[in-house]
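One line per chain: the protein sequences are A and B, in this order.
In terms of our numbering, the first sequence opens at residue 1 and continues consecutively.
In terms of our numbering, the second sequence opens at residue 286 and continues consecutively.
Heads up, the beta-carbon is just placed ideally off N, CA and C, and yes, glycines get one too.
Nothing here was measured: the structure is a model prediction, and the numbers come from that model.
This report refers to the structure that appears directly beneath it.
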Amino acid sequence: MGRAGRIAALCLASSVSLAHAEPHARYNLQQPVTGIAEQINDMHTLMLLICLIIFVGVFGVMFWAVFNHRKSKGAVAAHFHENTAVEIAWTIIPVLILLGMAWPATKTVIAMKDTSNPDLTVKATGYQWKWGYDYLQGEGEGIRFLSALSTPREQIDGGAPKGDAYLLEVDNPLVVPVGKKIRVLLTANDVIHSWWVPAFGVKQDAIPGFIRDTWFRADKEGVYRGNCAELCGRDHGFMPIVVQVLSAEKYAAWVAEQKAKAAATASAAPSAEPDSAPATAPDKG
Amino acid sequence: MAAVTPDQLHGHHAPRGVMRWLTTTNHKDIGTMYMIFSFIMFLSGGVLALTIRAELFKPGLQVVQPEFFNQLTTMHGLIMVFGAIMPAFVGFANWMIPLMIGASDMAFARMNNWSFWLLPPAAILLIGSFFAPGGATAAGWTLYAPLSVQMGMGMDLAIFAIHIMGVSSIMGAINIVVTVLNMRAPGMTMMKMPLFCWTWLITAYLLIAVMPVLAGAVTMILADRHFGTSFFNAAGGGDPVMYQHIFWFFGHPEVYIMILPAFGIVSQIIPTFSRKPLFGYASMVYATASIAILSFAVWAHHMFATGMPAAGQLFFMYATMLIAVPTGVKVFNWIATMWRGSLSFEPPMLWATGFIFVFTMGGFTGLICAIAPIDIQVQDTYYVVAHFHYVLVAGSLFALFAGAYYWLPKWTGHMPSEFLGKLHFWCSLVFFNITFFPMHFLGLAGMPRRIPDYALQFADFNALASVGAFGFGLSQLIFIVVVVKCIRGGERAAARSWESAEGLEWTVPSPAPYHTFEEAPVVR
Numbered sequence: 001m002g003r004a005g006r007i008a009a010l011c012l013a014s015s016v017s018l019a020h021a022e023p024h025a026r027y028n029l030q031q032p033v034t035g036i037a038e039q040i041n042d043m044h045t046l047m048l049l050i051c052l053i054i055f056v057g058v059f060g061v062m063f064w065a066v067f068n069h070r071k072s073k074g075a076v077a078a079h080f081h082e083n084t085a086v087e088i089a090w091t092i093i094p095v096l097i098l099l100g101m102a103w104p105a106t107k108t109v110i111a112m113k114d115t116s117n118p119d120l121t122v123k124a125t126g127y128q129w130k131w132g133y134d135y136l137q138g139e140g141e142g143i144r145f146l147s148a149l150s151t152p153r154e155q156i157d158g159g160a161p162k163g164d165a166y167l168l169e170v171d172n173p174l175v176v177p178v179g180k181k182i183r184v185l186l187t188a189n190d191v192i193h194s195w196w197v198p199a200f201g202v203k204q205d206a207i208p209g210f211i212r213d214t215w216f217r218a219d220k221e222g223v224y225r226g227n228c229a230e231l232c233g234r235d236h237g238f239m240p241i242v243v244q245v246l247s248a249e250k251y252a253a254w255v256a257e258q259k260a261k262a263a264a265t266a267s268a269a270p271s272a273e274p275d276s277a278p279a280t281a282p283d284k285g
Numbered sequence: 286m287a288a289v290t291p292d293q294l295h296g297h298h299a300p301r302g303v304m305r306w307l308t309t310t311n312h313k314d315i316g317t318m319y320m321i322f323s324f325i326m327f328l329s330g331g332v333l334a335l336t337i338r339a340e341l342f343k344p345g346l347q348v349v350q351p352e353f354f355n356q357l358t359t360m361h362g363l364i365m366v367f368g369a370i371m372p373a374f375v376g377f378a379n380w381m382i383p384l385m386i387g388a389s390d391m392a393f394a395r396m397n398n399w400s401f402w403l404l405p406p407a408a409i410l411l412i413g414s415f416f417a418p419g420g421a422t423a424a425g426w427t428l429y430a431p432l433s434v435q436m437g438m439g440m441d442l443a444i445f446a447i448h449i450m451g452v453s454s455i456m457g458a459i460n461i462v463v464t465v466l467n468m469r470a471p472g473m474t475m476m477k478m479p480l481f482c483w484t485w486l487i488t489a490y491l492l493i494a495v496m497p498v499l500a501g502a503v504t505m506i507l508a509d510r511h512f513g514t515s516f517f518n519a520a521g522g523g524d525p526v527m528y529q530h531i532f533w534f535f536g537h538p539e540v541y542i543m544i545l546p547a548f549g550i551v552s553q554i555i556p557t558f559s560r561k562p563l564f565g566y567a568s569m570v571y572a573t574a575s576i577a578i579l580s581f582a583v584w585a586h587h588m589f590a591t592g593m594p595a596a597g598q599l600f601f602m603y604a605t606m607l608i609a610v611p612t613g614v615k616v617f618n619w620i621a622t623m624w625r626g627s628l629s630f631e632p633p634m635l636w637a638t639g640f641i642f643v644f645t646m647g648g649f650t651g652l653i654c655a656i657a658p659i660d661i662q663v664q665d666t667y668y669v670v671a672h673f674h675y676v677l678v679a680g681s682l683f684a685l686f687a688g689a690y691y692w693l694p695k696w697t698g699h700m701p702s703e704f705l706g707k708l709h710f711w712c713s714l715v716f717f718n719i720t721f722f723p724m725h726f727l728g729l730a731g732m733p734r735r736i737p738d739y740a741l742q743f744a745d746f747n748a749l750a751s752v753g754a755f756g757f758g759l760s761q762l763i764f765i766v767v768v769v770k771c772i773r774g775g776e777r778a779a780a781r782s783w784e785s786a787e788g789l790e791w792t793v794p795s796p797a798p799y800h801t802f803e804e805a806p807v808v809r
């Protein structure tokens, strides 16, 4: 892609992204909004740089040989075929480089696994093909709902113009407060799904019959979008994840609204909860 | 071939026509059949890939529906891995290992025949499963439970096909181990063997170790599907993640099964066209063995997102990073072989150099994927798709083409067209990168793999990748022309078809007579 093409593409990307909180990533990881995602981005940049340096070094040598040590240029082959010192060097040096890479990665792995002391605990259940959310503990406890793709069928199958958030929009997004540690418990009802929000640096498989957990703390209000990341059957590509991060006040208002709605539904039809997921994931035997 | 073989072929009571090929125990015939089979499977898998790319050309569903799309991705993977790449390498082993070690044939000639003829029925089961009720399996080539337990009858056909192909692979591997260990010509010590024989010996051990593991995994799925067991069903006391552990205990060594023989082929070609002996022969052997041993200790790096404890993630991350060391040694050795050589770039050398260049890019992304936190972001995205196509297409496939151009003179007695070989290489290299390089960006930006439709910000890179894929697919037709022309005629090949090619295979005439080394050569 030429420079003009790239600029055009970037303009296109930014015009598409007007409706979003963050510009779309095009060549790199999405803009991070959690500390973990930030660390992952930095680590990726560091790795790319190291790889680039090795790339230039190694292939600089190779292409030097390719262009200069040619028979057609009268090159006469040398006869060396062993050099213990060199071979030890190019075994040891990569080990040292790898140690340098492993150090920051180890710290991040340990931080990613620390799900202790959350402010809010939400259970996400994967269904074929939607997500169910239960607020288990913290502000909003007791709220539960299903979250399914809201992109109209005509946009997918037919010629209807596709919206900005095509395939990345849901009827009921997960709503969480900004700056709070959110622990997400994951399970599934049928097959393995995977709950992935790139901007949070979070991807955790939802495994039927088991509970796994992960966590995030979003630093910025906004709407963040992701997808199911584990093949789960026909509509695997059509069960996005949308997380709306709100300020503490707006989140409290949202919780109150949800509680009021639930109360109204409960008093109107005590036995029926049409908009609610089963409390636990029943395993089909 | 016409000039040499007929009198030897029909001298005794050798059957003619179809029966010749059905009953042959000749390693050259069997090698040829393996290669033709794998090329047909390569084209079949390619057609599936192009259908996938046609659907992904633009957002929305145009060509296929999601369920069929999942069948396409699944079957593309299974066909390419088990039908194209693996049998192609076995074909090379059949043709070249006896010629390289000075043996008259493979150790178990009849078993050799059987291990080939198991493959066509397996392929028919696999491809035929598209026509079963419910279509082919759509669980991904990894066949993760419980999704694979949900599938229709196509899944059972795929399981049986995998069983049969596994039996074929194990028999082929045993044959190679015994041939290499017992049938070397006098004086051909292990550390004098061509590196291709070494890499295949180690690969054969890997095959024997892990193919039964795969057979066990798919058999457990079969039992869960039909016999009421609950190996992978939590409600019955099983664990879906256990399937992944078993599968990847096979699956990761499998990755090296598909690349180690490629390393072997490249290690034959680079010295020939550098006119210089291979640098660090012994360290190449040790590096190959180290890769093989480490490959058993890294399987769970495919499963970082399943939620392992931190200690597990760290162990598998460190072990995986360690594999970069012996792999790096190999790349450095190849480049040191080229350094101060007298290089020329006939088609085999072009492909081999292209292999080093593009495969190493796949190695870099492999290293990036090995870092567990980064892998959390890129796992199951197009980044991983890009990574493994860089190592499998630009790695295994490019090495196979390099080997084919290198030994075609030995097989057919004619030199392959240099112009067409170069055209094939440059078209493949350019279109390969147009297809797969943008996938890195797609994956980083958040496009999951195995989806038939995608968000709008991924549209232009997908369109680009689709254009590249069709270019790449069409480029492979050039190879058919090369091979047909080479069989029909062309410049006669000398016994030593390439200046400064070393090894016993270049001491027999081109094309290699039907029977070679009936009396073992003596290697000094």
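Three-state secondary structure assigned by DSSP to residue i
i: A:Trp195; result: strand
i: A:Gly226; result: strand
i: A:Ile241; result: strand
i: B:Ile736; result: coil
i: A:Lys203; result: strand
i: B:Val540; result: helix
i: A:Val76; result: coil
i: A:Arg212; result: strand
i: B:Thr666; result: strand
i: B:Val348; result: coil
i: B:Arg810; result: Residue 810 of chain B lies beyond the residue range present for chain B, which begins at 286 and ends at 809; the question has no answer from this structure.
i: B:Leu341; result: coil
i: B:Val768; result: helix
i: A:Val170; result: strand
i: B:Leu741; result: helix
i: B:Ala805; result: coil
i: B:Val793; result: coil
i: B:Leu816; result: Nothing in the structure corresponds to residue 816 of chain B, since chain B is present only between 286 and 809.
i: B:Leu428; result: coil
i: B:Leu705; result: helix
i: B:Leu628; result: strand
i: A:Leu231; result: coil
Expected contact under 8 Å - CB spacing of residue i and residue j to nearest Å
i: B:Ile554; j: B:Ala637; result: 4 Å
i: B:Ser323; j: B:Ala394; result: The Cβ separation is near 20 Å, so there is no contact.
i: A:Ala188; j: A:Asp171; result: Going by Cβ atoms, the distance from A:Ala188 to A:Asp171 rounds to 20 Å, so no, they are not a contact pair.
i: A:Ile50; j: A:Met101; result: 7 Å
i: A:Gly201; j: A:Ala37; result: 3 Å
i: B:Thr488; j: B:Pro546; result: 6 Å
i: A:Lys181; j: A:Arg217; result: 5 Å
i: B:Thr666; j: B:Gly731; result: 7 Å
i: B:Ala424; j: B:Met436; result: 6 Å
i: B:Phe481; j: B:Ile550; result: 6 Å
i: A:Thr91; j: B:Val610; result: 6 Å
Residue i - containing alpha helix (DSSP H), residue span
i: B:Arg395; result: 394-402
i: B:Trp692; result: 683-697
i: B:Ser607; result: First, the residue type needs correcting, since residue 607 of chain B is Leu and not Ser in the sequence shown. 595-607 is the extent of the alpha helix (DSSP H) around B:Leu607.
i: A:Lys177; result: Just to set this straight, residue 177 of chain A is Pro in the shown sequence, not Lys. Note, A:Pro177: premise wrong, no alpha helix (DSSP H); beta strand (DSSP E) at 174-177.
i: A:Tyr27; result: Element bounds for A:Tyr27: n/a, residue is neither H nor E.
i: B:Arg305; result: 302-308
Opening and closing residue of the beta strand (DSSP E) in which residue i lies
i: A:Leu185; result: 182-188
i: B:Val495; result: Here B:Val495 belongs to no beta strand (DSSP E); instead the alpha helix (DSSP H) covers 480-511.
Closer than 8 Å to chain C by CB, residue i
i: B:Met623; result: Within the model displayed, chain C is absent; protein chains A and B are what it includes.
Task: Whole alpha helix (DSSP H) elements within the segment 112-168 of chain A, 4-residue minimum - done: Whole alpha helix (DSSP H) segments, 4+ residues: 153-157.
Task: Interfacial residues, the segment 188-200 of chain A to chain B, with Cβ spacing under 8 Å - done: Contact annotation: in the segment 188-200 of chain A, residues whose CB is within less than 8 Å of a CB in chain B are Asp190, Val191, Ile192, Ser194, Trp196, Pro198.
TODO: With a floor of 3 residues, list each beta strand (DSSP E) that falls wholly inside the segment 50-97 of chain A, ordered by position along the chain.
DONE: Complete beta strand (DSSP E) runs here, min 3: none at all.
- [ ] Name, going along the chain, the residues of the segment 658-673 of chain B whose beta-carbon falls closer than 8 Å to a beta-carbon of chain A.
- [x] With the criterion set as a beta carbon lying under 8 Å from some beta carbon of chain A, the members of the segment 658-673 of chain B are Pro658, Ile659, Ile661, Gln662, Gln664, Asp665, Thr666, in sequence order.
Open item on the list: Residues of the segment 310-338 of chain B in Cβ contact with chain A at a cutoff of 8 Å, in chain order, please.
Closed with: For the segment 310-338 of chain B, there are no residues whose beta carbon sits under 8 Å from a beta carbon of chain A.
Open item on the list: Counting only Cβ-Cβ distances shorter than 7 Å, please list the residues of the segment 711-744 of chain B near chain A, keeping chain order.
Closed with: Here the close residues are Phe726, Leu729, Ala730, Gly731, Pro733, Arg735, Ile736, Pro737, Asp738, Tyr739, Ala740, Leu741, Gln742.
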